[in-house]
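Q: In the working numbering, the protein residues as written are 1128 to 1185. We put the CB at the ideal spot given by N, CA and C, even for glycine. Because the structure is a prediction, the values reported are computed rather than measured.
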């Protein structure tokens, strides 16, 4: 099975920020921490670039 982690913010196209291949669910589970780190890094980069909107209205 192939796992893809996508990031899409309002008004932007979805971008693959992490992907992994696994034969079983157990193998896929071992990939999840790395995929979540990839997602967090992509969000942090977009936030630093000013591309991620604030969650709470000001």
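What three-state label does DSSP hand residue 1154 in the structure shown?
A: Your numbering for residue 1154 matches position 27 in the chain shown. Correct three-state label for residue 1154: helix.
Q: Which of the three DSSP states is assigned to residue 1250 in this structure?
A: Any question about residue 1250 goes unanswered here, given that the chain covers just 1128 to 1185.
Q: Given 7 Å as the limit, tell me if residue 1134 has its C-beta closer than that to any heavy atom belonging to the ligand SAH.
A: Absence of the ligand SAH from the depicted structure is noted, as is the absence of any ligand whatsoever, leaving it without description.
Q: For residue 1134, which residues from the same chain have a beta carbon less than 6 Å from its beta carbon, with the 5 sequence-adjacent residues on both sides left out?
A: Within the chain shown, the letter at position 7 stands for residue 1134. Result list for residue 1134: 1142, 1144 and 1169, in chain order.
Q: What are the boundary residues of the beta strand (DSSP E) that residue 1145 is part of?
A: Locating residue 1145 in the chain shown gives position 18, where the first residue counts as 1. Residue 1145 -> beta strand (DSSP E) spans 1142 to 1148.
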